[in-house]
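Here's the structure, in structure tokens; my notes come after.
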Amino acid sequence: MQNFTEDAAKKVLEIIKEHFQNGIRDDFIDTNKVRKIYSTNYSGENVSRDFVIEIIRANGIEDGGRFYFISDDNAENIRRLLNEILSTHSIAYYTKIHERHSKFFSALRIFSPDVLKKILQTVGGHFYFDEFCLAKRTTRLDYMIAKIFMAAENSLSLDDLQEKLPYVPPEKILAVLSETKKYLSTSAGKFIPVSKIQFDTDEINDAKRQISFHIEKDGCALPEDYSLDSNFALNPELAEKTLRNIICEKFFAEDFTRRGKKLFKKTVDGRKKSSGIVERIREFIADKNEVAVKDIFALDETLNDIPSVVFYAAYETMIRVDKNFFVKDELINFDVDEIDNALKIFVKGKIISLRAVTSFTGFPSVAGYSWNLFLLESFLRKFSRQYFFHNPAPNSANVGAIYPKSMKFEDYLDVQAAVVVQEKIPLEKSAVENFLIDKGYRARRIGKVNERIIARAQKMIDERR
60 MQNFTEDAAK KVLEIIKEHF QNGIRDDFID TNKVRKIYST NYSGENVSRD FVIEIIRANG
120 IEDGGRFYFI SDDNAENIRR LLNEILSTHS IAYYTKIHER HSKFFSALRI FSPDVLKKIL
180 QTVGGHFYFD EFCLAKRTTR LDYMIAKIFM AAENSLSLDD LQEKLPYVPP EKILAVLSET
240 KKYLSTSAGK FIPVSKIQFD TDEINDAKRQ ISFHIEKDGC ALPEDYSLDS NFALNPELAE
300 KTLRNIICEK FFAEDFTRRG KKLFKKTVDG RKKSSGIVER IREFIADKNE VAVKDIFALD
360 ETLNDIPSVV FYAAYETMIR VDKNFFVKDE LINFDVDEID NALKIFVKGK IISLRAVTSF
420 TGFPSVAGYS WNLFLLESFL RKFSRQYFFH NPAPNSANVG AIYPKSMKFE DYLDVQAAVV
480 VQEKIPLEKS AVENFLIDKG YRARRIGKVN ERIIARAQKM IDERR
């Protein structure tokens with residue numbers, strides 16, 4: 060009887076695989092079809108519906124009310140395909156396996172990823188989960204994506220990642236990129252790891268000093284009060300707003316509170332945390348008509364809670380008359396309108412460098428002092444009615460730009476881009492860099508800054524066409 064039952068089971072399986080390649084149900088209609096075929100093929104032999112149902116349920120792969128059967132040869136072909144996939148890609152989602160090899164599975168009458176999943180799980184040899192299978196149990200999609208970014212020189216698009224992970228659906232890749240704080244989207248729609256962001260900490264520290272100074276003077280600091288141009292240039296793929304937010308969180312949050320675009324000093328026990336740096340400068344010069352620049356730097360070291368803010372405050376509270384000295388505002392009497400008129404000869408409605416003012420013959424005299432670029436810079440910073448002076452930070456190199464107040468710029472990077480366009484400098488790195496440094500718009504060479512200036516200059520040219 061046992062031999063008859065095993066033989067009958069084998070015959071039933073052969074009938075199902077041949078006549079029900081698209082699956083079989085364990086209902087009255089399909090099981091009776093099996094019985095009729097069995098009776099026809101094996102004259103004089105019969106099997107019951109219960110026996111057919113038992114065979115179907117014991118050997119079939121159920122999905123959506125149907126049971127699917129696969130031959131040993133086809134199972135081996137599927138096993139070989141899966142081995143090939145996982146030996147190269149480590150992780151494979153059933154939907155992508157089915158999609159990428161649709162002709163192969165269609166020939167085997169496997170029309171559903173869910174059916175494929177259950178068939179694959181019978182193949183064995185790997186690690187199977189609800190949506191995917193792995194070559195090694197420890198494989199993780201987020202680790203694989205991180206490894207791809209580590210090997211890449213630039214940012215990557217979703218298509219780039221999809222090419223490296225062909226058996227992972229794009230929505231699964233996007234989920235990893237968006238659910239962690241390890242990646243940022245770029246202005247070109249690509250992605251970059253936070254770990255690959257470059258920071259110019261010198262500029263950031265300088266920005267902190269500028270922020271502190273403006274908070275002391277105005278109560279808060281706005282984005283235009285401090286420069287992050289070098290950091291923007293080092294990370295050209297990131298939107299400036301995105302990078303500004305990162306810098307605020309990473310470098311400014313300890314000392315400043317952010318409300319919208321404004322930065323305020325952090326409070327302690329409800330009281331304003333303030334160094335009173337401007338007031339201390341005023342106290343320092345209260346009994347002095349003249350202060351040496353070297354003493355300003357010495358005071359900077361004394362008030363090291365906010366390094367170098369002293370130098371910014373000095374320009375706010377005094378006038379720099381030459382390379383070595385500041386004096387009290389009250390000691391200088393500028394004829395503002397006549398000085399502005401004298402500057403017209405040099406500016407001529409354009410952007411010029413501070414160093415472009417090569418003669419002071421037409422300037423009205425300043426009692427007790429001789430004209431020089433340091434005195435002119437102080438005049439432009441505080442008194443001019445017609446012109447702006449702009450530079451990255453106070454310096455002793457006479458670096459900076461003068462331009463009419465009718466011109467409006469987002470930041471000093473825009474000023475540099477505008478003067479490059481104005482003077483029709485070829486938009487080539489060395490030409491732009493040499494021009495800006497030689498003419499006194501910049502003091503140092505930063506490759507990424509040049510790239511950003513060139514990009515902005517090109518945009519300005521395109522917008523004018």
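Take any residue in the sequence shown, count from 1 to its spot, add 59: that is its number in the working numbering.
C-beta: ideal position from N, C-alpha, C; glycine also.
Owing to the predicted nature of the structure, the values given are computational and were not obtained by experimental measurement.
*Have a look at G124 and L243 and give me their C-alpha separation to the nearest angstrom.*
Using only the alpha carbons, I get a separation of about 45 angstroms.
*What residue range is occupied by the uninterrupted beta strand (DSSP E) comprising K387?*
DSSP places K387 in the uninterrupted beta strand (DSSP E) bounded by F384 to K387.
*Would you kindly work out how many angstroms separate the C-alpha atoms of V478 and L215, rounded to a whole number?*
Answer to the nearest angstrom: the Cα atoms are 34 angstroms apart.
*Through-space distance from S437 to I378, alpha-carbon basis*: About 6 angstroms.
*R199: buried (16+ other C-beta within 10 angstroms of its C-beta) or exposed?*
Classification for R199: exposed.
*For P229, count neighbouring Cβ atoms within 10 angstroms of its own Cβ and tell me buried if that reaches 16, exposed if not.*
Counting Cβ neighbours within 10 Å, P229 comes out exposed, since fewer than 16 surround it.
*Determine the extent of the beta strand (DSSP E) in which L193 is found, giving its start and end residues.*
Looking at the DSSP string, the run of the beta strand (DSSP E) that includes L193 is F191 to L193.
*Could you check if I88 is buried or exposed, using at least 16 other CB atoms within 10 Å of its CB as the buried criterion?*
Looking at its Cβ environment, which holds fewer than 16 other Cβ atoms inside 10 Å, I88 is exposed.
*Taking F311 as the reference, which of Y500, L287, A292 and N294 has the closest Cα?*
Cα-wise, what sits closest to F311 is L287.
*Could you name the residues of the same chain whose beta carbon sits closer than 6 angstroms to that of A502, not counting the 5 residues immediately before and after it, in chain order?*
Counting only residues of its own chain and dropping the five nearest sequence neighbours on each side, A502 has a CB closer than 6 angstroms to the CB of A456 and V458.
_Cβ-based neighbour list, E143, same chain, cut-off 7 angstroms, excluding 5 preceding and 5 following_ = Answer for E143: no residue qualifies.
_Beta-carbon within less than 8 angstroms of Q80's beta-carbon, same chain only, minus the 5 sequence neighbours each way: which residues are those?_
So the qualifying residues of the chain are R168.
*Return the chain-ordered list of same chain residues with a C-beta closer than 7 angstroms to the C-beta of V71, the five sequence neighbours on each side being excluded.*
In its chain, beyond the 5 residues on either side, V93, Y97, V106, V111 and I114 have a beta carbon closer than 7 angstroms to the beta carbon of V71.
*Quick one: using the 10 Å Cβ neighbour count with 16 as the cut-off for buried, is E262 buried or exposed?*
Result: buried.
_Assess contact between the segment 414-433 and the segment 387-397, defined as three or more Cβ pairs (one per stretch) separated by less than 8 angstroms. Is contact present?_
In short, these stretches touch, since the Cβ pair count reaches three.
*Regarding A247 and the ligand PLP, is the C-beta to nearest heavy atom distance less than 7 angstroms?*
This structure lacks the ligand PLP; in fact it carries no ligand of any kind.
*Determine the direct distance from the alpha carbon of L220 to that of L236, and round the result to whole angstroms.*
Looking at the two C-alpha atoms, the distance is approximately 11 angstroms.
*Quick one: using the 10 Å Cβ neighbour count with 16 as the cut-off for buried, is E313 buried or exposed?*
E313 is exposed by the Cβ-count criterion.
*asked:* Contact between the segment 134-142 and the segment 204-215 is defined here as three or more beta-carbon pairs at a separation below 8 angstroms; is this criterion met?
replied: No, they do not touch.
*Determine the direct distance from the alpha carbon of E299 to that of V406, and round the result to whole angstroms.*
Going from the Cα of V406 to the Cα of E299 covers about 31 angstroms.
*Mind checking whether K387 and F433 have CB atoms under 8 angstroms apart?*
Not closer than 8 angstroms, so no.
_Since V480 and I513 should fall inside the 8 angstroms C-beta cutoff, what is the C-beta to C-beta distance between them, to a whole number of angstroms?_
Not quite, the Cβ-Cβ distance comes to about 10 angstroms (not below 8 angstroms), so this is no contact.
*With DSSP collapsed to three states, give me the class of R196.*
Coil.
_G499, buried or exposed, once every other Cβ within 10 Å from all chains shown has been counted against 16_ = With 16 or more other Cβ atoms within 10 Å, it is buried.
*Could you give the residue range of the beta strand (DSSP E) that holds I461?*
That run of the beta strand (DSSP E) goes A460 to P463.
*asked:* Distance check for M203 and K507, CA to CA, integer angstroms please.
replied: The straight-line gap from Cα to Cα measures roughly 30 angstroms.
*Quick one: what's got a C-beta closer than 6 angstroms to R196's C-beta in the same chain, skipping five residues either side?*
Around R196, the same chain offers F186 as residues with beta carbons nearer than 6 angstroms, after the five sequence neighbours per side are excluded.
*Just mark P451 as buried or exposed, buried being the case when its beta carbon has 16 or more other beta carbons within 10 Å.*
So P451 ends up on the buried side.
*State the DSSP-derived secondary structure class of E469, mapped to helix, strand or coil.*
Three-state result, E469: coil.
*Compute the Euclidean distance between the alpha carbons of F353 and P453, then round it to the nearest angstrom.*
Reading the sequence as shown, one finds Lys at residue 353 and not Phe. Each residue's alpha carbon lies about 14 angstroms from the other.
_Exposure label - F188; buried when at least 16 CB within 10 Å_ = It is exposed - the Cβ of F188 has fewer than 16 other Cβ atoms within 10 Å.
*Pick helix, strand or coil for F291, following the three-state DSSP scheme.*
F291 carries a helical assignment under DSSP once its states are collapsed to helix, strand and coil.
*Does any C-beta atom of chain D lie closer than 8 angstroms to the C-beta of S171?*
Within the model displayed, chain D is absent; a lone protein chain is all it includes.
*Closer than 7 angstroms by C-beta to V491: which residues in its own chain qualify, once you throw out the five before and the five after it? Chain order, please.*
Shown here for V491: same chain residues with a beta carbon closer than 7 angstroms to its own, the five before and five after excluded, namely V479, I484, N509, I512 and I513 in chain order.
_I believe Y226 touches I156 by the beta-carbon criterion, under 8 angstroms. Please report the beta-carbon distance rounded to the nearest angstrom._
Contact between Y226 and I156 is confirmed by a C-beta separation of about 6 angstroms, below the 8 angstroms threshold.
*Tell me whether T420 is buried or exposed, calling it buried when 16 or more other Cβ atoms sit within 10 Å of its Cβ.*
In the assembly as shown, T420 is an exposed residue. Its beta-carbon has fewer than 16 other beta-carbons within 10 Å.
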